[in-house]
Amino acid sequence: MPVGYLLTVTLVSWGVTCALTRWRRPGPVCAIPALLVNELPFIVGYVLVASTVLALIEGDLDSVAGAVGAGVALLALAGLGVIVGRATRAHAALHLDGRPHRPWVRILAAPFVQGAGNLVRVPDRSYGDGPSPTAQAARSRRTLDVYHRRDRPSGVPVLLHLHGGGFHSGDKRREARPLIRYLTATCGIVCVSANYRLQPQATLAEQVADAHAAIAWVREHAAEYGGNPEALFIAGSSAGAYLAIRAVGERTDAIAGLIGRYGYYGDLTLRDGPPLLVIHGQNDLVVPASHARAFAERSRAASRAPVRYAELPGAHHDFDLFESIRSAAVNQAVAAFIADSTRTSPSPPG
Numbered sequence: 001m002p003v004g005y006l007l008t009v010t011l012v013s014w015g016v017t018c019a020l021t022r023w024r025r026p027g028p029v030c031a032i033p034a035l036l037v038n039e040l041p042f043i044v045g046y047v048l049v050a051s052t053v054l055a056l057i058e059g060d061l062d063s064v065a066g067a068v069g070a071g072v073a074l075l076a077l078a079g080l081g082v083i084v085g086r087a088t089r090a091h092a093a094l095h096l097d098g099r100p101h102r103p104w105v106r107i108l109a110a111p112f113v114q115g116a117g118n119l120v121r122v123p124d125r126s127y128g129d130g131p132s133p134t135a136q137a138a139r140s141r142r143t144l145d146v147y148h149r150r151d152r153p154s155g156v157p158v159l160l161h162l163h164g165g166g167f168h169s170g171d172k173r174r175e176a177r178p179l180i181r182y183l184t185a186t187c188g189i190v191c192v193s194a195n196y197r198l199q200p201q202a203t204l205a206e207q208v209a210d211a212h213a214a215i216a217w218v219r220e221h222a223a224e225y226g227g228n229p230e231a232l233f234i235a236g237s238s239a240g241a242y243l244a245i246r247a248v249g250e251r252t253d254a255i256a257g258l259i260g261r262y263g264y265y266g267d268l269t270l271r272d273g274p275p276l277l278v279i280h281g282q283n284d285l286v287v288p289a290s291h292a293r294a295f296a297e298r299s300r301a302a303s304r305a306p307v308r309y310a311e312l313p314g315a316h317h318d319f320d321l322f323e324s325i326r327s328a329a330v331n332q333a334v335a336a337f338i339a340d341s342t343r344t345s346p347s348p349p350g
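Following the UniProt record's numbering, the numbering of the sequence shown begins with 1 at its first residue and continues without gaps.
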């Protein structure tokens, strides 16, 4: 019996099934495979095809079990086709004009690659009431990374990103990597990704205070990297979206715009805040899309600024971890939102 082949087919088929559905009850057992298959369908397809070809060469498909496995593999490949088709609909769901711009080389072959030749990362700057940037401060939670284009254009917008992790985990280098790379290397925007203290060592109020402190640091230091502190945008992923919305809701001065991505918003309402862009996955297994939709509707009713909501077909939580068809569309939507909100065009590619 081709045990190895059947195990591969079973794992891939489970991931495809989870990606195509909204099974919340299994928790991470479904959510994690759903994320990986949903955003990396080509890589998963390569594994499935290679396993099937190897099984064919070794004669494993001559057995009944092998033939059944091959049949299931074909169904899984068909499911991957559906997943890719749904991802291509993100461009329309985000109301983007023109043809999609997708980095196919990265999407097909290198979705994990982080580097960009014209991008510079300045790591572990200390913010808030802490010591100067020393090795000890770099290991603390009150640090942030600054990203700027190598040619360092001046007077460009600035984006501060707060990571997710359910308030208890997460890191400034885990999420939004494709977004930061795109905004910095392609558009010339200065991006800052911040850590903050985590629960249970810190309270929610202290985490919000960290968000305020990170905002203050960016205001003070953005110009050093070519950024315009008067064109400051704040983005949050998952729990980071809650911290961003709450922090800006408490002090809305000089914030050009807010972006929430697969965010948790609780009972928050953004009242008379800056322009708001909310992007959520239709199949999010962690925060149901209905919760994000309700937050956007409450904020639209309470704010004079524009509130935009986009629901991505078939998308799950954490859709910004890898270079994918979906993340490419989200990157362009955020860049367009920043350009519209500042009424200027991003710097051209260098």
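The beta-carbon is built from N, C-alpha and C at its ideal position, and this holds for glycine as well.
Would you kindly check if the distance between the Cβ of residue j and the Cβ of residue i is under 9 angstroms?
{"i": "C187", "j": "A315", "result": "no"}
{"i": "W14", "j": "P2", "result": "no"}
{"i": "G128", "j": "A213", "result": "yes"}
{"i": "A176", "j": "R106", "result": "no"}
{"i": "I325", "j": "A90", "result": "yes"}
{"i": "F233", "j": "I259", "result": "yes"}
{"i": "D215", "j": "I279", "result": "It should be noted that the sequence gives Ile, not Asp, for residue 215. No; because the gap between Cβ atoms is not below 9 angstroms, this pair is not in contact."}
{"i": "E311", "j": "Q282", "result": "yes"}
{"i": "S237", "j": "H291", "result": "no"}
{"i": "V12", "j": "A76", "result": "yes"}
{"i": "T269", "j": "N195", "result": "no"}
{"i": "L48", "j": "A78", "result": "no"}
{"i": "A305", "j": "P275", "result": "yes"}
{"i": "A211", "j": "L243", "result": "yes"}
{"i": "L321", "j": "R102", "result": "no"}
{"i": "P123", "j": "H168", "result": "no"}
{"i": "G117", "j": "G240", "result": "no"}
{"i": "H148", "j": "G257", "result": "no"}
{"i": "V286", "j": "A31", "result": "yes"}
{"i": "A329", "j": "L40", "result": "no"}
{"i": "V146", "j": "L80", "result": "no"}
{"i": "A55", "j": "G69", "result": "yes"}
{"i": "V16", "j": "I83", "result": "yes"}
{"i": "residue 367", "j": "T342", "result": "Beyond the ends of the chain as shown, which are 1 and 350, falls residue 367; an answer cannot be given."}
{"i": "S193", "j": "H163", "result": "yes"}
{"i": "E206", "j": "R197", "result": "yes"}
Looking at the strands, I want to know which residues DSSP matches up with residue i.
{"i": "L277", "result": "I259 and R308"}
{"i": "L268", "result": "L268 is not bridged to any residue."}
{"i": "V113", "result": "Paired residues: none, contrary to the question."}
{"i": "L119", "result": "R149"}
{"i": "V156", "result": "G227"}
Helix, strand or coil: which one does DSSP assign to residue i?
{"i": "H148", "result": "strand"}
{"i": "D124", "result": "strand"}
{"i": "G350", "result": "Here the model assigns G350 a pLDDT of 36, short of 50, so the residue's position is not dependable and the matter cannot be decided."}
{"i": "L321", "result": "coil"}
{"i": "V105", "result": "helix"}
{"i": "A138", "result": "Here the model assigns A138 a pLDDT of 37, short of 50, so the residue's position is not dependable and the matter cannot be decided."}
{"i": "S345", "result": "For S345, the pLDDT reaches just 38, beneath the cut-off of 50, and the residue's location in the model is therefore unreliable, although a value from the coordinates is still provided. Looking at S345 - three-state DSSP - the assignment turns out to be coil, as it is neither helix nor strand."}
Could you pull the start and end residues of the alpha helix (DSSP H) that residue i belongs to?
{"i": "Q332", "result": "I325 to T342"}
{"i": "R293", "result": "A289 to A302"}
{"i": "H91", "result": "A90 to A93"}
Could you tell me if the beta carbon of residue i falls within a distance shorter than 8 angstroms of some heavy atom in the ligand GDP?
{"i": "A231", "result": "Because no ligand of any kind appears in the structure shown, any question about the ligand GDP cannot be addressed here."}
Worksheet item: Fully enclosed by the UniProt domain "Alpha/beta hydrolase fold-3" (159-247), which beta strand (DSSP E) runs are 3 residues long or longer?
Response: 190-194 and 227-237
Worksheet entry | Within the segment 1-84, ranges of the alpha helix (DSSP H) (whole runs, at least 4 residues) | 3-20, 28-39 and 41-57
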